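In this note's numbering, the protein residues as written are 16 to 231.
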């Protein structure tokens, strides 16, 4: 998908009211194109050996969530869509992902959980922010209740205590990968990869629960 097509999707999302199917479809296509388009930059490539992929994946997830929540902040008069996206990735979300992966000892800026309110973020549309916070709270509650037991039954091979329910709740409570790794005695890449695969596995279940297309 070229730059013009991305811009058109962004504008289509902006032009449709919050909660409408048209807005969700446009955002879903936009996020999918960002993931698969091969146009995302790789900030600080060559640094953070051994954990770069985990930091990058975390940053991209947070970036996509931000775009879904704040697509109205994109101004086509100020630049191309991917220029805006890559600026956010480089200047904000990659830096914020570092302490979440390797611990606060290397902190640039320690972001609160996506399930908690963001005091550092000036949100122009409070109704939209509240809608997404409500959705993630609903997802978290659903994972905690785990009515079918599937989240507890989804775990890293040979480590039943390292199940998706436990890991997701820790991550969304602001616990770093480093802390989880030390607690469970499992390498960060193993934990992070399992978490990413599980999110993808349950993506449609979460979407049907509250209409959220992307958790990242």
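C-beta atoms are modelled at their ideal positions from N, C-alpha and C, and glycine is treated no differently.
For clarity, every value in this text was computed on a predicted model and none was experimentally measured.
Using a 10 Å radius around the Cβ and a threshold of 16 neighbouring Cβ atoms, would you call residue i buried or exposed?
i	result
residue 239	No information on residue 239 is available, as it lies outside the stretch 16 to 231 that the chain covers here.
residue 172	exposed
residue 59	exposed
residue 180	buried
residue 17	exposed
residue 57	exposed
residue 194	exposed
residue 186	buried
residue 111	buried
residue 97	buried
residue 24	buried
residue 160	exposed
On a CA-only basis, which of the options is nearest residue i? Give me that one, please.
i	options	result
residue 166	56, 183, 207	183
residue 206	100, 109, 178	178
residue 77	109, 48, 96	109
residue 87	197, 106, 30	30
residue 84	19, 46, 155	46
residue 104	49, 215, 210	49
Taking only three categories from DSSP, how would you classify residue i?
i	result
residue 171	strand
residue 101	helix
residue 64	coil
Just curious, the alpha helix (DSSP H) that residue i is in, first and last residue?
i	result
residue 17	Unbroken run through residue 17: none, as it is neither H nor E.
residue 199	192-199
residue 215	203-216
residue 78	67-85
residue 36	36-51
residue 185	179-187
residue 257	The structure shown does not extend to residue 257, since the chain is modelled only from 16 through 231, so no value can be given for it.
- Message: Can you confirm whether the stretch 23-42 touches the stretch 58-72 when touching is taken to mean that 3 or more C-beta pairs between the two stretches lie within less than 8 Å?
- Response: No, they do not touch.
- Query: Counting Cβ pairs, one atom from each stretch, are 3 or more of them under 8 Å apart for the stretch 197-208 and the stretch 156-170?
  - Reply: Cβ pair count under 8 Å is below three, so no.
- Contact between the stretch 100-118 and the stretch 71-78 (3+ Cβ pairs under 8 Å): The count of Cβ pairs closer than 8 Å, one atom from the stretch 100-118 and one from the stretch 71-78, reaches three, so the stretches are in contact.
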